[in-house]
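Residue 118 in the working numbering sits at position 84 of the sequence shown, with consecutive numbering throughout.
Backbone N, C-alpha and C fix where the C-beta goes; we use that ideal spot for every residue, glycine too.
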Amino acid sequence: MASQHLLLLCLAGLVFVSEAGPVGESKCPLMVKVLDAVRGSPAVDVAVQVFKKAADETWEPFASGKTSEFGELHGLTTTDKFVEGVYKVVLDTKSYWKALGISPFHEYAEVVFTANDSGQRKYTIAALLSPYSYSTTALVSTPKA
35 MASQHLLLLC LAGLVFVSEA GPVGESKCPL MVKVLDAVRG SPAVDVAVQV
85 FKKAADETWE PFASGKTSEF GELHGLTTTD KFVEGVYKVV LDTKSYWKAL
135 GISPFHEYAE VVFTANDSGQ RKYTIAALLS PYSYSTTALV STPKA
């Protein structure tokens, strides 16, 4: 139990550190950060898809990309497009582990969340991956003017 708390504390710390991020990308309202718990490094080239829930309860494609050498994906959307709603972030964990020669348990990891229901916010979705488990957390902040 203590190791699980330590793991979550480390993940939260990495999210806070990533908020300093590269100059010029800090205005992005949605950022994804993925870390590889096995290798202790950023998870590079993880395919990320973002969906927005439509009025008819279906999921519509919203944005996509791959994580950088830092395990981060910036520039998914703009403040104007990232309106109030329910969003789903899907990480293609299976392809990531297969590329490393590892056969994983999960096909993908997903995070479903409501965004901007209390006004415009900035969201960092972080995931810590291993072949048989994953953990996610989020940092939600009010953008600086």
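In the three-state DSSP reduction, T111 falls in the coil class, being neither helix nor strand. By the beta-carbon neighbour count (other beta carbons within 10 angstroms, threshold 16), F116 is buried. The continuous stretches of alpha helix (DSSP H) do not include Y166, and DSSP gives it neither H nor E. Around G119, the same chain offers K86, K87, T148, A149 and N150 as residues with beta carbons nearer than 8 Å, after the five sequence neighbours per side are excluded. Only exposed fits K100, as fewer than 16 other CB atoms lie within 10 angstroms of its CB. A160 and V68 have their C-alpha atoms spaced approximately 6 Å apart.
Buried is the label assigned to A143, since at least 16 other Cβ atoms lie within 10 Å of its Cβ. The Cβ atoms of V78 and P165 lie no closer than 8 Å to each other. Out of P76, V80, T176 and P177, the CA that lies nearest to the CA of V123 is found in V80. Nearest to S169 by alpha-carbon distance, out of T127, L134 and Q154, is T127.
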